[in-house]
Amino acid sequence: MSGDPGMSGGSGTSGASTTSWRPSTQHFLALFEPKGVVVAGASTHPGKFGFVALHNILVAGYAGNVFPTNRDGSEILGVQALTDIDQVPDGAADLIFVCTPASTNQDLLRQAAAKGIRAAFVSSAGYGESGPDGVRAQQELVDLAGELDMLLVGPNGQGVISTPASLCAQIVAPYPPAGRIGIVSQSGNFVSSFQNYAIASGVGISRAVSAGNAAQVGVADFLEFFADDPATDVALAYVEGVVDGRRFYDRLRAVCEQIPVVLVKGGATAGGARAAASHTGSLATDDRVFDGMCRQAGAVRATTIEEAYEVAATFATQPLPTGPNVVVVSTAGGWGVVTADAIAGDSSLKLIGLPDDLRADLDGKLPPRWSRNNPIDMAGGEGKDTITDVLATAAGHPEVDSVVFLGMGIQGNTAKMEREGRFYPDHGLERIVSYHERQEVRYTAAASDLARTLGKPILTATELAVTSPGNAAVRGVVDSGRYCYPSSNRAVRALGHLVRYAEWRRRRGLPTPPR
Amino acid sequence: MTSGGGRTLSEHASKTLLAGHGVPMPQDRIVPTAADAVLAADAIGYPVVVKLGGEAIAHKTERGLVRLGLVDAAAVRLAADELLQAATPDDGEVHLLVARLLRGNRELIAGLTRDPQFGMTVVVGIGGIFAEALADVSIRLVPITSIDAEEMIDDLEMQALLAPFRGEPAVDRDALRQILVGLSDAAEADPSIVSVDINPLIVVDGVPVAVDALVEVQA
């Protein structure tokens with residue numbers, strides 16, 4: 095492939111613009127929910143971005159019109175290419191995905207605007223990231239787009255996806271499952287990383303966009319769109335630098351008042367800051383200032399890409415806790431102990447002592463050897479309905495704000511070994527395997543139902559989420575629309591972020607977000 | 017915490033400026049002579065601190081221009097004489113600053129500093145001899161609300177130092193919050209402020225008291 099926009103990422107900023115033109119919601123809808131897409135520079139060569147972009151749009155199931163264009167008008171993937179945008183019926187498309195060389199793009203945008211196209215995603219390189227001539231060409235493109243009343247995303251970006259429209263206009267894979275997370279990134283590669291996590295976890299994405307060089311619109315513009323987007327419940331952004339920090343802060347805070355925002359910032363260390371400066375051309379700032387800015391604005395700052403997705407997935411799939419009090423419910427001892435340590439290590443969370451009435455209730459449901467405190471260790475004393483009963487009792491207590499639920503998947507793991515062993519299905523194995531798997535699904539589905547009916551987060555954690563993702567308990571969590579945490583430490587970390595955001599809202603008298 | 021490029025006010029002028037914006041500041045006595053310093057010390061009560069002050073004097077401790085723990089009139093007279101003799105022509109007009117000696121096991125720092133990306137910021141941190149090694153600070157953008165100030169204090173890692181400590185009560189968070197909001201108000205009201213460094217902020221019976229303050233203003 096020619097060029098690598100993922101690596102060069104972009105000389106991006108997080109929201110500065112050099113023109114006064116501002117996009118409206120209609121412009122963003124032309125990008126995310128287009129009725130038709132023109133793929134300019136579509137190629138018959140499967141190694142070219144112009145081929146991959148068209149391929150991905152066609153295979154992801156986009157239902158609108160798709161108009162590939164190229165110079166020779168050849169057929170690509172069964173679609174007849176047009177030799178000129180003039181041949182696109184008026185008003186049939188409102189997004190153009192640009193894979194053509196930078197030198198031809200001004201004419202292209204003029205023609206596109208004449209056809210009623212309101213948004214352009216420019217993947218072409220050769221702009222701000224490539225020296226003074228490129229900077230000039232980029233500025234000219236921005237000025238032109240403003241004159242044409244056109245949203246310009248990129249240039250030098252990897253693409254845009256929008257699951258409500260089944261749109262995958264990207265020069266890279268993958269295409270994630272549908273969900274409620276809206277993503278914007280100053281580095282295209284991290285858009286792919288987040289989408290990969292969406293596929294692995296089953297917790298999906300609403301919109302994702304690589305801002306590329308962010309010449310006309312940047313991170314803050316997309317965050318503002320996500321705040322008002324009915325398809326999006328939480329925003330997730332990768333940022334390397336901001337140009338007008340004060341303005342970015344004001345806009346970020348306004349978005350955080352509407353929906354949770356998870357930020358991960360590259361360049362937090364001196365070495366990383368030097369790399370970011372060469373990547374995006376942005377100035378370094380004292381990381382502690384950025385950190386304080388996030389706390390003040392109400393944004394959740396994650397330290398790693400993995401943590402960022404996990405926290406966003408938690409916001410997307412769990413209710414906000416109303417307080418810091420956590421109870422751990424475990425089928426066995428060691429997990430609960432380690433989880434208690436993790437909770438003690440987060441000053442936002444509180445491992446409460448069990449209230450007397452809750453302890454008395456649980457005494458009636460568990461054999462005498464149970465832990466009789468928090469963590470609630472059932473100590474293997476469970477009958478058929480004990481787990482769901484104990485979970486409902488603990489989660490339902492008014493002093494309990496959230497629950498970490500451990501020990502799921504053990505029966506499912508045994509069932510897997512039995513199902514795959516040579517004695518299956520005889521010796522009663524078929525029946526017991528099926529029973530174990532049903533029980534795992536029952537427990538995890540019950541946890542999900544309780545979280546919804548009680549309005550309290552219940553986070554299920556087991557390493558089987560990564561070691562054996564087909565495990566019945568893991569499937570039970572995922573199929574009920576929740577995130578299955580690979581460890582209780584990670585569940586606790588995500589929960590801490592939820593508690594801090596909820597507390598940030600509470601202290602400022604902001605109501606729980608409506609979505 | 018100074019950003020450079022400006023001129024520094026004397027300790028007395030710094031404290032007066034900050035007090036004018038609602039930052040709680042203990043009022044020191046400013047006197048011209050050793051004899052006046054003794055009268056001031058008698059009025060305040062011993063032990064006292066005597067410092068040499070002036071517009072051009074910024075690094076008093078490094079130059080040995082701070083005399084702590086003076087227990088009687090003779091000690092004050094001796095210290096005051098020595099300080100006045102230590103003044104150099106570069107120091108310009110100088111004065112003596114007499115204050116009660118404040119004792120506390122804990123020191124904090126607070127101030128204002130300008131970030132190239134985010135503009136003026138308020139800072140609070142753990143002070144004292146380990147301040148730089150601990151690097152336990154919390155920062156917010158001006159302006160801050162009382163809620164922001166409360167969260168800044170909550171964000172400090174060394175919460176144990178803010179709790180009851182070695183027989184002293186917990187740090188008065190309301191008083192600390194008032195200092196931080198006052199700093200933010202000062203930055204908003206007076207755009208000529210380049211930086212403010214309140215160091216140390218000694219915790220006396222739980223109350224943080226600004227023992228020294230340095231304001232840098234645009235030249």
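Sequence order for the protein chains is A and B. Everything in the first sequence is counted per the working numbering, starting at 95 for the first residue and increasing by one. Everything in the second sequence is counted per the working numbering, starting at 17 for the first residue and increasing by one. Backbone N, C-alpha and C fix where the C-beta goes; we use that ideal spot for every residue, glycine too.
By DSSP's assignment, aspartate 171/B forms no beta bridge with any residue. A distance of 8 Å or more separates the beta carbons of leucine 317/A and proline 117/A. For tyrosine 577/A, no CB of chain B lies under 8 Å from its own CB, so it is not counted at the interface with that chain. Taking the Cβ atoms as the reference, alanine 89/B lies roughly 7 Å from alanine 57/B, within the contact range of under 8 Å. Following the DSSP letters along the chain, one finds valine 153/A inside the alpha helix (DSSP H) bounded by residues 143-153. Around proline 580/A, the same chain offers Glu557, Ala559, Val560 as residues with beta carbons nearer than 6 Å, after the five sequence neighbours per side are excluded. Residue contact check for glutamine 194/B against chain A: no CB pair falls below 8 Å.
Spatial neighbours of glutamate 184/B in its own chain (CB-CB distance under 8 Å, excluding positions within 5 residues in sequence) are listed in chain order as Gly120, Asn121, Arg122, Val219, Asp221, Gly222. The DSSP-derived three-state label of tyrosine 529/A is helix. Take the alpha-carbon of tyrosine 156/A and the one of valine 432/A: they are about 46 Å apart. Taking 8 Å as the CB threshold, valine 593/A stays off the interface with chain B.
For the 8 Å CB-CB criterion, glutamine 289/A and proline 268/A form a contact. Between the region 447-463 of chain A and the region 521-538 of chain A, the count of Cβ pairs shorter than 8 Å is below three; the stretches do not touch. Take alanine 473/A, set aside five residues on each side of it, and the residues of its chain with a beta-carbon closer than 6 Å to its own are Arg463, Trp464, in chain order. Within the region 328-348 of chain A, contact with chain B at the beta-carbon level (separation under 7 Å) is assigned to Val336, Gly339, Arg340, Tyr343.
Using a Cβ-Cβ cut-off of 7 Å, glutamine 390/A is close to Arg156, Leu157, Asp164 of chain B, given in chain order. When Cβ-Cβ separations below 8 Å define contact, aspartate 171/B makes contact with chain A.
The C-alpha of leucine 152/A lies about 29 Å from the C-alpha of serine 574/A. About 16 Å separates the Cβ atoms of methionine 168/B and leucine 150/B, ruling out a contact at the 8 Å cut-off. A straight-line Cα-Cα distance of about 10 Å links aspartate 483/A and tyrosine 537/A. Among the residues of chain B, those whose CB is under 7 Å from the CB of arginine 601/A are Ile163, following chain order. About 6 Å separates the Cβ atoms of threonine 416/A and aspartate 495/A, confirming a contact at the 8 Å cut-off.
Under a criterion of Cβ atoms nearer than 7 Å, the residues of chain A adjacent to phenylalanine 134/B are, in order, Gly339, Arg340, Tyr343, Thr379, Val383, Met387. Taking a C-beta distance under 8 Å as the contact criterion, serine 211/B and arginine 156/B do not qualify as a contact pair.
Serine 218/A places its beta carbon less than 8 Å from that of proline 195/A. Rounded to the nearest angstrom, the gap between the Cα atoms of valine 138/B and isoleucine 125/B is 11 Å. Contact between the region 125-140 of chain A and the region 167-179 of chain A is present, with at least three C-beta pairs closer than 8 Å.
Neighbourhood of glutamine 175/B in chain A, by CB distance below 8 Å: Ser441, in chain order. With a 10 Å radius around the Cβ and a threshold of 16 neighbouring Cβ atoms, glutamine 101/B comes out exposed. Contact annotation for aspartate 131/B against chain A: Gly339, Thr379, Asp380, Val383 [CB-CB distance below 8 Å, chain order]. For isoleucine 145/B, the number of other beta carbons within 10 angstroms of its own is below 16, and it is reported as exposed.
Here the C-alpha atom of aspartate 344/A lies approximately 20 Å from the C-alpha atom of alanine 596/A. Take the alpha-carbon of cysteine 388/A and the one of phenylalanine 161/A: they are about 42 Å apart.
Within chain A, the residues whose beta carbon sits less than 7 Å from that of glutamate 167/B are Arg389, listed in sequence order. Taken through DSSP and simplified to helix, strand or coil, glutamate 351/A comes out as helix. The beta-carbon of valine 153/B is placed less than 8 Å from the nearest beta-carbon of chain A.
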